[in-house]
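Student: Counting in the working numbering, the sequence shown runs from -17 upward without gaps.
Idealized CB from N, CA, C, for every residue including glycine.
Got a structure for you, questions after.
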Amino acid sequence: MKISGLFFLMLVCISSCVSITEKSLPIYGYKEFDDLQENDTLYHTIPKWSFVNQFGEQVNSSFYEGEIYVVYFFFSHCPTICPAMTMNMVKLQQQTTALDIKFLSFTVDPKKDSCERLFWYQEAFGINGENWNLLTGNQNAIYSLGVNGFLVPNQEDALAPGGFLHSEKIMLIDPKGRIRGYYDGTDEDQVAVILNDISRLKQE
C-alpha cells in the first residue's frame, strides 16, 4: 500500500532543494555548498549499502557506481500496488535491452521475502535477473536506506493491506548516485516518461 500523503509532504520539502537547468533533469534531495570552492555544490547521493539478491549473492552499492539505474520498494505478497509497479518495471526492462540500464528492487518485508521467495517472484513476473537485483536483508537497514537514501517512506502497519506501507514511486538514479526522477510506478504511462528521461540523462 502506498503512502501518498507522507510522500507528498517529503517532496514539498525536497522541492526547495531541487537543482534544475534548462537541458538537464532535476537533482532531488538536500544539497550543500562547498565554501572552499566557488560554485561547487554538494548534492545528496545514495549512501552505501549491502544486501542479498534473489540468487543468494551479496550485492552492494559499488555495483551501481557509474551506472544509471531505476529502483523501487515492494514486497512479494503485496495485495495492492506492487504487482502493477513490478509489471511496469518489467515493461521498462524489456524496452531498454539496448541500453546499459540496471534495475533494483528492495523488499520491505525481508522476514518473509527470502532469497528463494524473491527468485520465485522473479520467475512469476518474467523478470530478467541479468540486470535486475531483488534484494533482501536487515529490515531496519532497508527502511533507513529508503527514508534517508532514496527519500521515500516505508513502514510496517498492521492495518494496511499486507501489513506494510510503502511508496508507489519508481526512482531514477544517475551515475553519480543522485536521484534524478520520481515516477508513479502504478501508472503505465510513466514507462514512456522514464524512457525519455533515461535518454536525456545519457546525453548529460
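Hey, could you find the ends of the alpha helix (DSSP H) Ser87 is sitting in?
Tutor: As a working note, residue 87 is residue 105 in the sequence shown. Looking at the DSSP string, Ser87 is not in any alpha helix (DSSP H); the run it does join, the beta strand (DSSP E), is Ile83 to Thr89.
Student: Is Phe55 closer than 7 Å to Asn136 when the C-beta atoms are compared?
Tutor: Counting from 1 along the sequence shown, the entry for residue 136 is found at position 154. Counting from 1 along the sequence shown, the entry for residue 55 is found at position 73. Yes, these two residues count as a Cβ contact at 7 Å.
Student: Judging by CA-CA distance, which residue of Ala66, Val72 and Tyr25 is the nearest neighbour of Val52?
Tutor: Indexing the sequence shown from 1 puts residue 52 at position 70. Closest by alpha carbon: Val72.
Student: Going by DSSP, name the residue or residues bridged to Met153.
Tutor: The sequence position of residue 153 within the sequence shown is 171, counting from 1. Met153 is bridged by DSSP to Val53 and Tyr164.
Student: Tell me the rounded alpha-carbon separation between Asp82 and Glu49.
Tutor: Reading the sequence shown from its first residue, position 100 is the one you call residue 82. Reading the sequence shown from its first residue, position 67 is the one you call residue 49. Each residue's alpha carbon lies about 8 Å from the other.
Student: Note down, in chain order, each residue of its chain lying with its Cβ closer than 7 Å to the Cβ of Ser(-3), except the 5 sequence neighbours on either side.
Tutor: Indexing the sequence shown from 1 puts residue -3 at position 15. Confidence at Ser(-3) is low in this model, with a pLDDT of 45, below 50, so its placement is unreliable and no value can be given for it.
Student: Could you check the C-alpha separation between Lys13 and Val134 for me, to the nearest Å?
Tutor: By 1-based counting over the sequence shown, the position of residue 13 is 31. By 1-based counting over the sequence shown, the position of residue 134 is 152. Whole-angstrom Cα-Cα distance: 17 Å.
Student: Among residues of its own chain, excluding the 5 on either side of Met67, which ones have a beta-carbon nearer than 8 Å to its beta-carbon?
Tutor: Here residue 67 is taken as the residue at index 85 of the sequence shown, counted from 1. Contacts found: Tyr54, Phe56, Glu150, Ile152, Gly167 and Thr168.
Student: Taking the CB atoms as reference points, tell me whether Leu7 and Asp179 lie closer together than 7 Å.
Tutor: As a working note, residue 7 is residue 25 in the sequence shown. As a working note, residue 179 is residue 197 in the sequence shown. Between Leu7 and Asp179, the gap from beta carbon to beta carbon is short of 7 Å.
Student: I'd like to check one pair, Leu86 with Asn120: are the Cβ atoms closer than 7 Å?
Tutor: Taking the sequence shown and counting its residues from 1, the one referred to as residue 120 is at position 138. Taking the sequence shown and counting its residues from 1, the one referred to as residue 86 is at position 104. No. Outside cutoff.
Student: Compare the C-beta of Asp169 against all C-beta atoms of chain D and say whether one is closer than 7 Å.
Tutor: The structure shown contains no chain D, having only a single protein chain.
Student: Run through DSSP, which three-state label would Gln172 get?
Tutor: Counting from 1 along the sequence shown, the entry for residue 172 is found at position 190. In the structure shown, Gln172 sits in a helix (DSSP, three-state: H, G or I).
Student: Here's the rule: buried if 16 or more other CB atoms are within 10 angstroms of the residue's CB, otherwise exposed. What is Gly159?
Tutor: Mapped onto the sequence shown, residue 159 falls at position 177. Counting Cβ neighbours within 10 Å, Gly159 comes out buried, since at least 16 surround it.
Student: Could you tell me the boundaries of the beta strand (DSSP E) in which Asn122 lies?
Tutor: For the purposes of this step, residue 122 is taken as the residue at position 140 of the sequence shown. It is not in any beta strand (DSSP E) - Asn122 instead sits in the alpha helix (DSSP H) that spans Gln121 to Ser126.
Student: Put Thr3 into one of helix, strand or coil per three-state DSSP.
Tutor: Counting from 1 along the sequence shown, the entry for residue 3 is found at position 21. With a pLDDT of 47 at Thr3, under the threshold of 50, the modelled position of this residue cannot be trusted; read the value that follows with caution. The answer is coil: DSSP assigns Thr3 none of H, G, I, E or B.
Student: Quick one, are the C-beta atoms of Gly163 and Pro29 less than 7 Å apart?
Tutor: Residue numbering aside, residue 163 sits at position 181 when the sequence shown is read from its first letter. Residue numbering aside, residue 29 sits at position 47 when the sequence shown is read from its first letter. Taking 7 Å as the Cβ cut-off, Gly163 and Pro29 do not qualify as a contacting pair.
Student: Going by alpha carbons, who is nearest to Phe37 out of Ile9, Trp31, Gln104 and Cys60?
Tutor: Indexing the sequence shown from 1 puts residue 37 at position 55. Out of Ile9, Trp31, Gln104 and Cys60, Gln104 has the C-alpha closest to the C-alpha of Phe37.
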